[in-house]
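In mature numbering (1 follows the signal peptide of the UniProt record, and there is no 0), the protein residues as written are -19 to -1, 1 to 232. Just so you know, even glycine gets a beta-carbon here, dropped at the ideal spot from N, CA and C.
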Amino acid sequence: MKCFVSFCLSFGLLLPLQATELKPVKLHLVGDSTMSDKPNLAYPERGWGQLLPQFVTPQLTVVNHAANGRSTRRFLNEGRWQLLLSELGKGDYVLIQFGHNDSKQSDPARYAAADTDYQRFLLQFIADVRERGATPMLASSICRRNFAGDGSLKRDLADYAYAAAKVAAGSEVSFFDLQQHSCGLWQQLGKAAAQPYFIQVPADLYAKFPDGTSDNTHLTLQGASKMAQFFVRDLKAQQHPLAAYVYRELL
């Protein structure tokens, strides 16, 4: 019987007894393409928020509002933030992760400087969530696979990671440094070994990229799973209330 229970747990068929006693709660995810759901499962790209439900119990409902190409500014100006607030309930949690598109100075509709507007938008998000009796959380954006000629990793989103950490500390909000976790892993692995975590597709296979593509920003199943793993491990390390809903750290 013990072996049967272990087998079921490994496939998510049974949950630990304490998990069945948890009260239902919602975690809303707010971010960009590195976090968002990818409905086309025939294409290898995944967002880490899409994989997060595989690590937590059914009592934690993950509501993924993240969308491709969004920054703090665009998420707000498009009405996506207002839609989230309309769905937010007292006792819910909201995890906010931006940076990739905020850094695009050539696009005024998305650009938000790390030392000014980006922090201002994050502070507004935090205040709005708290006003509705929910709990805000911040995460830094994940690291791109962008290596210099000498083999060192270019941390081109470091300013945004620092800004998010600064806002989190000043607002006493839980912070999840996925930038540091991911940068550290890519640097440890090196350029070649880090490649399977990112999209690399050959020519003449996908209509979207008939000539193939090498994408060092967007994640494969392997990359998205790793980022979700980093997040749930941080929940446990911080003894965050949502850590009680984590029932495994490995897929």
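Going by beta carbons, F36 and A209 fall inside the 8 Å limit.
Counting C-beta pairs with one atom in each stretch, the region 90 to 108 and the region 40 to 57 have three or more that are closer than 8 Å, which means they touch. For Q203, the enclosing alpha helix (DSSP H) covers residues L202 to A218. For H81, no beta strand (DSSP E) encloses it, and the DSSP letter there is neither H nor E. Under a 10 Å Cβ-count criterion, E2 is classified as exposed, with fewer than 16 other Cβ atoms of the shown protein chains found around its own Cβ.
Closest by C-alpha distance to L134, out of P20, L170 and P191, is L170. Taking the C-beta atoms as reference points, A48 is found no nearer than 8 Å to R27. In the displayed model, D109 falls within a helix according to three-state DSSP. Nearest neighbour of Y143 by Cα position, chosen from L202, G130, D192 and L119, turns out to be L119. Separation of Q63 and A139 (C-alpha to C-alpha, rounded to the nearest whole angstrom) is 28 Å. The secondary-structure analysis by DSSP pairs F156 across a beta bridge with L119. DSSP places L66 inside the alpha helix (DSSP H), whose first and last residues are R61 to E68.
In the displayed model, H9 falls within a strand according to three-state DSSP. Counting along the chain, the unbroken alpha helix (DSSP H) around L32 starts and ends at W29 to L32.
Annotation: V148 to Q100 spans about 7 Å, alpha carbon to alpha carbon. In this structure, DSSP gives N58 a helical state, which the three-state scheme calls helix.
A distance of 8 Å or more separates the beta carbons of D18 and F79.
Rounded to the nearest whole angstrom, the C-alpha separation of F212 and P89 is 31 Å. DSSP places K172 in the uninterrupted alpha helix (DSSP H) bounded by K172 to A175. One alpha carbon belongs to P5, the other to G72, and they sit about 10 Å apart.
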